[in-house]
Every structure is written in C-alpha cells, then in structure tokens.
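Notes follow once the structure below has been shown.
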C-alpha cells in the first residue's frame, strides 16, 4: 500500500496547487494541516532545510518545494499528465510557473502589503506582469491548451486569492483590461475536481484581513 501524506496549511496557494495536482491524478493522500507558528516535529524532520510547507511524503520519502513536488507527482504517476510530452511545451509551462513565483505573485503580494509610493510601484509592476499573462492566453482555454497543466495549477491562486485581496484592500487588481485572464480564472475555478478544493471564502477573508491589518496598522 502506497503512503502519500501532504503537510500543508489550509490557506496558502503553495499547498493548494499540490492538492489540486493530486486530485487531477486521482491520488489518495492524507492531509496534515500545519500551524506555522508552532511547527510540528514532523515538519522539522521532513523539511529541516526550509522548515516550510508544503512537503509531500511518499512512502516515507519527503519532497519539498511546491514546483519540485508537482514535477515529482507527474513523473511518479504518469496518468493524466500535467506536463506535455513535447520538450518545448514542457519548457514553456515551466517558464510560466517560474514567472508566477518569481515575478507575478511577489508584485501582487507587495500591492497587498505595501503603502504609498511602494504600493504604486508594486501596482505598476503587477499591471505589466498581468499583461504578459493576458498575452500568453491568446487562443487558449488553459495555459497548456485544452486541459489543465502545470502553469494553470501554479497560476491558479489568481482564481481564488485575487477576489480575497480585492475585497480586503478595496483595490481592483484584475479588471476588464484582462478579459482572457478573467475568462481563464472563471474556467479554472469551475473545473470539477478543482472546484471542491478551494478554501472557504469567508475564512479566507478573515485570515487575509488579519494579514492586512498587521501590515497596515491603524
């Protein structure tokens, strides 16, 4: 019997992308929700380097870092691939996954956490990055074409967290300038196996309002 365990938190996008990959593959797993203010001995044992989630534990072997985990899942369970066969297309999916984690997500997070001039600069950078994403979606249903792939899973947080950010900040981040992106967000959100994985919106608002208040004390 295979043992698959996933150490994560309920609210962050990094664990969610792994949950969604496992669901797409139909892989059964045990979820272990961590409290990062009081990290478990299990987490410290399995990820002593970064001491962060998510960590996938497969038959006792821990794999850390969400992008690494996604590729491991795809290589271990070959059915319902999330990366295409073609090397160029695989590279393209990896590129957009990296773009999200290194450019897009940090700039939008800065809009959420910064104030004044720093927020304006973060918003300008976010607009630029969102334009690139909009361009990439031309003529496509999903980033990889007709079905959900690696880039969709990594950028999938937009379908969920952007609405939370906008509600908490009162700022519009993804608007009618990005019709293809808005269409993709709706499409991805409603994918049957994906739809069941989203954390409760009301709980997310409470969680991210608390984050926001910490960064913007009255």
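Numbering (full-length UniProt numbering), first residue to last: 1 to 218. The beta carbon of each residue, even a glycine, is placed where N, CA and C say it ideally should be.
If you compare alpha carbons, which of the options is closest to residue i?
{"i": "residue 199", "options": "6, 12 and 3", "result": "12"}
{"i": "residue 89", "options": "36, 136 and 205", "result": "136"}
{"i": "residue 165", "options": "113, 84, 28 and 24", "result": "113"}
{"i": "residue 170", "options": "139, 182, 151 and 208", "result": "208"}
{"i": "residue 6", "options": "49, 37, 38 and 54", "result": "54"}
{"i": "residue 2", "options": "36, 60, 22 and 213", "result": "60"}
{"i": "residue 210", "options": "125, 167, 63 and 95", "result": "167"}
{"i": "residue 139", "options": "77, 196 and 179", "result": "179"}
{"i": "residue 143", "options": "94, 109, 18 and 106", "result": "94"}
{"i": "residue 147", "options": "191, 177 and 108", "result": "191"}
{"i": "residue 233", "options": "177, 56 and 71", "result": "Outside the shown range of the chain (1 to 218) lies residue 233, about which nothing can therefore be said."}
{"i": "residue 8", "options": "22, 26 and 31", "result": "31"}
{"i": "residue 175", "options": "189, 151 and 158", "result": "158"}
{"i": "residue 106", "options": "115, 126 and 14", "result": "126"}
{"i": "residue 152", "options": "108, 189, 86 and 124", "result": "189"}
Quick one: measure Cβ to Cβ for residue i and residue j, integer angstroms, because I've assumed they're closer than 8 Å.
{"i": "residue 82", "j": "residue 149", "result": "5 Å"}
{"i": "residue 194", "j": "residue 20", "result": "6 Å"}
{"i": "residue 103", "j": "residue 129", "result": "5 Å"}
Around the C-beta of residue i, are 16 or more other C-beta atoms found within 10 angstroms, so that it is buried, or is it exposed?
{"i": "residue 73", "result": "buried"}
{"i": "residue 173", "result": "buried"}
{"i": "residue 75", "result": "exposed"}
Of all Cβ atoms in chain D, is any one closer than 7 Å to the Cβ of residue i?
{"i": "residue 109", "result": "No chain D appears in this structure, which consists of one protein chain only."}
Between the beta-carbon of residue i and the beta-carbon of residue j, is there less than 7 Å?
{"i": "residue 47", "j": "residue 64", "result": "yes"}
{"i": "residue 16", "j": "residue 100", "result": "no"}
{"i": "residue 58", "j": "residue 4", "result": "yes"}
{"i": "residue 181", "j": "residue 134", "result": "yes"}
{"i": "residue 23", "j": "residue 77", "result": "no"}
I'd like to know if the segment 115-131 and the segment 37-52 are in contact, where contact means that at least 3 CB-CB pairs between them fall below 8 Å. Verdict: no, contact absent.
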